[in-house]
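Just so you know, full-length UniProt numbering puts 449 at position 449 of the sequence shown, and the rest follows in order with no gaps. Here a beta-carbon is modelled for each residue, glycine too, at the ideal position from N, C-alpha and C. Keep in mind that this is a model prediction, so the values were computed, not measured. What follows is one structure encoded as structure tokens, with my remarks underneath.
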Amino acid sequence: MDGITGTLVRYKYRQPNNDFIVAILKQDDSKEITIIGSIYGVEPNEKITVYGDWFKHPQFGDQYRVERWERPIPKSKEQVIAFLSSSLVKGCGEKRAKQIVDVLGENALDIIMQEGEACLLPIRGIGQQKASSIVTSVRSSFEVQQIMMELSKYGISTSIVVKAYKEFGSNTLDIIKRNPYQLTKLDLIGFLKADEIAKRMGIMPNSMFRIESCVDYMLKKMCFDFGHCFIPEAELIDEVLKVLNHNTDVFITRDEVEQGIFQLEENGRVIIEEGGIYPPFLYRSEKRLAQRLLKFMRSGSNNVNMSAIDTAIKEYQIRSKIVLAKGQREAIRKLFTENLLILTGGPGCGKTASVKAVIDVYQRLNPVARIALAAPTGRASRKLTEVTGLDAATIHRLINFRPGEEPEFNESNPLEADLLIVDEISMMDIQLADLLFRAINPNKTKVLLVGDQDQLPSVNPGNVLKDMLDAGVPHVRLTEVFRQAQNSQIVTNAHRINKGESIVIDPVKQDFYFIQREKPEEIATTIRNSVVRFTQLGYTAADILVLSPMKKGPIGTEELNRVLQETLNPPAPHKDEIAVGKTIFRVGDKILQTKNNYAKEVFNGDIGTIDRIDYLLDKEGQVTEEKGLYCKINGQVVTYTKEELHELQLAYSITIHKSQGGQAPIVIIPVSTSHYIMLARNLIYTGITRAESKVVLVGTKKAVQIAIKNNKIVARHTRLTKRIVEDIQLYGLNKTSLNPPEWEERRAVDFF
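Structural data, given as structure tokens:
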């Protein structure tokens, strides 16, 4: 491949973190061209050679896409002096550069790279520190391209090499060639990709590097795929052997995997406890959370004026013209004696009304109380704001979580709140719960956790709500369905499903429908037609949630998204679009954020729309030559580069798991025996309780009955309950950690 040599004139765009650039390159014949790609450490006025191919940009014309690049090593005295005295070389001005060239000659840079400080120390005025600085600068300027050339033949991209170089420095090539699985530790590639690279490099299949990396990969994969905090050793070894012995001539034994696990434990990369293997971060979260919860259970006080509380409850009922159920009144009373209380209940049982009552009574008894509201997702926090009239935040935003850093609020700097209410806690995973409770002082802040214990557990590891209830954390369960809610078939059928009873449909009420269809293809067509019908009745795509138990197959989310996108937002000349793999993102599309992005302040589960596809702006607000998405999410405009689009997926259809914390007027759910493995009571229960106005089930009665009867919840491997119970047995539950004097004094004034 012939390259193009020229001088880099200026950068038109530099993307932070991943070294993507758009720049002007002036060729030796003075012709200027635009180059785009990943280029690291090259400054304006430097000469480079780029290799790649030409393409035509629709607005900016011909551009050159860089696949790899080289910085030619200067050979003439003038070029060497110019390079050494440039900003690329620390500690070397023009005078010093001339000195070096006078001594080392035209090949000064080659000599410096080969001999290091030893060739510079004899030169007058250059000490050890200055020599080291010059050598480091020179080597880093030329090493990356040499490493790229060497590693590119193994299928390692420029951007990965650059990121690895930032971590490993001059040793990058040696480290990766010796153990390419090191790239997985940096989260640059996954195990399977590293395995391909290792095979090309000639790494033996029974290499301990390979075995350890596979154990690490499968441990995390199994924890995050199935919600476990640990994996039993025998179960983990079985899965690791399936991966290691697939498509290879060398058979890996259980003994070898056990040796790999031992080495990982020795290096602190796994923790083994009672036959279970933990990723260290999940072990620490689980253990800390258990200890923290015990502190809450041992705090609180029985020394409160219940008469004053009962009076405040009665006054609230009179003002609000409602009658609270016995369980609701019990929850309010109990919150004043406990510093941690869980409130659960199904749809129509008054959880929201209870939260509003708690806030009112608490404020009446303590007018200066600082009340904070939070939920695991943006959708759930916005709903909490709507029903209470108070500001609510995501848990991440509440504690000011910053990736790679300690959150602003933690044990040393707890939240300044007297009462914290957290909604939708069934979605709270072990790591999020750990972060939250570390940010709360158990002696100063009361915590009310609200949720539905019959919904699906968190997507990520842990079964926090169930484990807390099983451990005896103070709890009130609301069971009375209010009269108004009894008129809703959505509510009544949700409770019937929860009891294992068949659904009942009254066509007159027009809020719950079942459409009989046998084949998956027929189900998909009926769903499409139902969505079209609802849009004809005035509903928008944002009003309709099509929830599927699975991603794959003819009625999985991927295929339903394709069908519904074609139906609701077909291609048109005036609609820009960007293709990413098999997915096309088009202006007007409904999209789902699939991972937390703290820099953009968007979170897993947030839903929005693509407002436009346009050229992005740099930090100075200047238009670049890179197109991206401008999306409206949570009322804000959020931009995405093409490299960030893996965080998004189409949201015409989403999994039931992803729908947690959100609601929509219309919910449509395919129910088919083709999803047999996913037909479970808590799954269909969670799905239909997302609906505000109407539910449409499309499929077979047999599949619905299978789901309702299947109450076999797959157990998650966690030890949170066990840890709490053991701590209670060890320390007891005497309320020894009472509130400090200043809070106790204010309570005495306001509560009595």
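| What's the call for Met218, buried or exposed, on a 16-neighbour Cβ count within 10 Å? | Under this definition Met218 is a buried residue.
| request: Throw me the rounded Cβ distance for the Gln516 and Lys701 pair, which I believe falls under 8 Å. | output: Indeed, because the Cβ distance is near 7 Å, the residues count as touching under 8 Å.
| field | Assigned secondary structure, His717 (DSSP; H/G/I helix, E/B strand, else coil) | value | For His717, the secondary structure class from DSSP, reduced to helix, strand or coil, is coil.
| Can we say the region 131 to 139 touches the region 78 to 91, given the rule of at least three CB pairs closer than 8 Å? | Result yes; three or more Cβ-Cβ pairs closer than 8 Å.
| Pair within 9 Å by beta-carbon distance, Asp452 and Ser426 | Result yes, Cβ atoms of Asp452 and Ser426 sit closer than 9 Å.
| query | Just reading off the alpha helix (DSSP H) that Ser133 is part of, what are its end residues? | reply | Counting along the chain, Ser133 sits inside the alpha helix (DSSP H) bounded by residues 128 to 152.
| request: Tell me whether Ala325 sits in a helix, a strand or coil according to DSSP, three-state version. | output: In the structure shown, Ala325 adopts coil according to DSSP, grouped into three states.
| said: Give me, in chain order, the residues of the same chain whose beta-carbon lies closer than 8 Å to that of Ile713; leave out the 5 immediate sequence neighbours on both sides. | reply: Cβ-Cβ distances below 8 Å link Ile713 to Ala680, Asn682 in the same chain, with the five nearest sequence neighbours on each side left out; the list follows chain order.
| task | Please state whether DSSP places Ala357 in a helix, a strand or coil. | result | Look at Ala357 here: in three-state DSSP terms it is helix.
| request: Let me know the secondary structure DSSP gives Ser38 once reduced to three states. | output: Strand at Ser38.
| task | Provide the residue span of the beta strand (DSSP E) that contains Lys694, from first to last. | result | Where Lys694 is concerned, the enclosing beta strand (DSSP E) stretches over 691 to 699.
| message | Could you give the first and the last residue of the continuous beta strand (DSSP E) run that contains Ala651? | response | Element bounds for Ala651: n/a, residue is neither H nor E.
| For Val250 versus Pro180, is the C-beta distance shorter than 9 Å? | Against a cut-off of 9 Å, the Cβ pair of Pro180 and Val250 comes out as no contact.
| Which value, in whole angstroms, describes the spacing of the CA atoms of Pro376 and Thr172? | Approximately 40 Å, taken between the alpha carbons.
| query | What is the DSSP secondary structure of Arg528, counted as helix, strand or coil? | reply | Of the three classes helix, strand and coil, the one that applies to Arg528 here is helix, per DSSP.
| CB residue 754 to CB Ala524, shorter than 9 Å? | Lying before the first or after the last residue shown, residue 754 is absent from the chain, which here runs from 1 to 752.
| Per-residue DSSP class, three states only, for Gly61 | The answer is strand: DSSP assigns Gly61 an E or B state.
| field | Phe60 versus Asn45 - alpha carbon distance | value | Inter-residue distance for Phe60 and Asn45 is about 23 Å (C-alpha atoms, whole angstroms).
| query | In chain order, what residues of the same chain have a beta carbon less than 8 Å from the beta carbon of Gly588, not counting five sequence neighbours either side? | reply | Within the same chain, and ignoring the five residues on either side of Gly588 in sequence, the residues whose Cβ sits closer than 8 Å to its Cβ are Asn569, Lys575, Thr609, Ile610.
| Using a Cβ-Cβ cut-off of 7 Å (strictly less than) and excluding sequence neighbours within five positions of Arg65, which residues of its own chain qualify? | Counting only Cβ-Cβ distances below 7 Å, and skipping sequence neighbours, we find Ile36, Gly37, Gly52, Asp53, Phe55.
| Nearest neighbour of Trp69, chosen from Ala118, Gly125, Thr34, Met149 [CA to CA] | The shortest Cα separation from Trp69 among Ala118, Gly125, Thr34, Met149 belongs to Met149.
| Going by DSSP, what residues sit across from Pro232 in a beta bridge? | According to DSSP, which records beta bridges pairwise, Pro232 is partnered with Gly276.
| message | Which runs of the beta strand (DSSP E) at least 3 residues long sit entirely within the region 466 to 516? Give them in chain order. | response | For the region 466 to 516, whole beta strand (DSSP E) runs of length 3 or above, ordered along the chain, are 475 to 478, 512 to 516.
| request: Go ahead and pull the three-state DSSP assignment for Arg71. | output: Three-state result, Arg71: coil.
| message | Tell me the residue span of the alpha helix (DSSP H) that contains Val80. | response | Annotation: the continuous alpha helix (DSSP H) that includes Val80 extends over 77 to 84.
| Could you give the distance in angstroms between the alpha-carbon of Ile112 and the alpha-carbon of Ile48? | Taking the straight line joining both Cα atoms gives about 20 Å.
| request: Return the CA-CA distance between Lys499 and Ala433, expressed in angstroms with no decimal places. | output: Going by the C-alpha atoms only, they are around 29 Å apart.
| request: Between the Cα of Tyr615 and those of Leu629, Lys590, Glu265, spot the shortest distance and give me the residue it belongs to. | output: Considering only alpha carbons, the answer is Leu629.
| said: Below 8 Å on the Cβ atoms is my contact criterion, and I expect Glu233 with Gly275 to pass it. Report the Cβ-Cβ distance as a whole number of Å. | reply: Between Glu233 and Gly275 the beta-carbon gap is near 5 Å, inside 8 Å, which marks them as a contact.
| task | Compare the beta carbon distance of Ile33 and Arg10 with 9 Å and say whether it is the shorter of the two. | result | No; because the gap between Cβ atoms is not below 9 Å, this pair is not in contact.
| request: Please look up how many angstroms separate the CB atoms of Phe296 and Asn339, rounded, as I've assumed it's under 8 Å. | output: Contact holds; Cβ gap of about 5 Å.
| task | With distances taken Cα to Cα, identify the nearest neighbour of Leu465 among Gly345, Tyr513, Thr535. | result | Looking at Gly345, Tyr513, Thr535, the one whose alpha-carbon comes closest to that of Leu465 is Gly345.
| query | Rounded C-beta distance between Leu547 and Arg379? I'm assuming under 8 Å. | reply | With 8 Å as the limit, Leu547 and Arg379 do not qualify as a contact, their Cβ atoms being about 14 Å apart.
| said: Quick check on Leu8: buried or exposed, where buried means 16 or more other Cβ atoms within 10 Å of its Cβ? | reply: Label assigned to Leu8: buried.
| said: Just to confirm the assignment: which complete beta strand (DSSP E) runs, minimum length 3, are found wholly within the region 525 to 564? | reply: Those beta strand (DSSP E) runs which fall completely within the region 525 to 564 and span 3+ residues are 544 to 548.
| said: Within a Cβ cutoff of 7 Å, which residues of the same chain sit near Val481, ignoring the five residues on either side of it in sequence? | reply: Excluding residues up to 5 positions away in sequence, Gly348, Cys349, Val491, His495 lie with their Cβ nearer than 7 Å to the Cβ of Val481 in the same chain.
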